[in-house]
Amino acid sequence: MEIWINPACSKCRAATALLDAEGAEYTVRRYLDDVPDAAEIRAVLDRLGLEPWDITRTQEAVAKELGLKDWPRDATARDRWITALAEHPKLIQRPIITADDGSALVARTDEAVREALARRK
Numbered sequence: 102m103e104i105w106i107n108p109a110c111s112k113c114r115a116a117t118a119l120l121d122a123e124g125a126e127y128t129v130r131r132y133l134d135d136v137p138d139a140a141e142i143r144a145v146l147d148r149l150g151l152e153p154w155d156i157t158r159t160q161e162a163v164a165k166e167l168g169l170k171d172w173p174r175d176a177t178a179r180d181r182w183i184t185a186l187a188e189h190p191k192l193i194q195r196p197i198i199t200a201d202d203g204s205a206l207v208a209r210t211d212e213a214v215r216e217a218l219a220r221r222k
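Rendered as C-alpha cells:
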C-alpha cells in the first residue's frame, strides 16, 4: 500500500495517523517532492476509476491561473489535464492510497482509509 501525501495537509496527516493506528504497512510518497509523471498519473487514474478532472484541486491558485474551470472535461482533453497534474502536482487531490488489491482511493475521510485497509490481501 502506498499513500500520496502533502505533509502540510490535515487530511493526509489524519489518514497516515489512522494507518499507523491500524498497524498498516505502507509507503509514503510525498508527491510534491517525488512528482508522479504522466504515466504514473494515468495508472493511478485507472486504479481509481476516475478522470483527471475528478482528482484536480480546482481551487488552487495555479488552477485559476491555468483557467482549468473552463477546460473541457472529455476524452479529447484528458491528456491536457494529465499533463497539468504532472507539471503542477499541487493540483492533485490528496491523499491517494493505492491499495494492495490493485485499486486506489482518494482517502479524504476515515471511511475511505478504512476501505483501503479492508482491501489488504
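Per the working numbering, residue 102 is the first one in the sequence shown, and the count goes up by one each step. We treat Cβ as the ideally placed atom computed from N, Cα and C, and that holds for glycine.
_Please tell me whether threonine 157 and alanine 185 are closer than 9 Å, where the distance is taken between their beta carbons._
yes
*With 16 as the cutoff for other CB atoms within 10 Å, does alanine 217 come out buried or exposed?*
buried
*Assuming arginine 215 and aspartate 201 make a contact with CB atoms under 8 Å, what is their CB distance in whole Å?*
Actually they are not in contact, since the Cβ atoms of arginine 215 and aspartate 201 sit about 14 Å apart, beyond 8 Å.
*asked:* Please classify arginine 195 as buried or exposed, where buried requires at least 16 other C-beta atoms within 10 Å of its C-beta.
replied: buried
*Coil, strand or helix - leucine 206 by DSSP*: strand
*In the DSSP assignment, what residue or residues form a beta bridge with glutamate 103?*
Thr128 and Thr199
*Taking the alpha-carbon positions, what's the threonine 159 to isoleucine 183 distance?*
14 Å
*Using the beta-carbon count (16 or more within 10 Å), is alanine 118 buried or exposed?*
exposed
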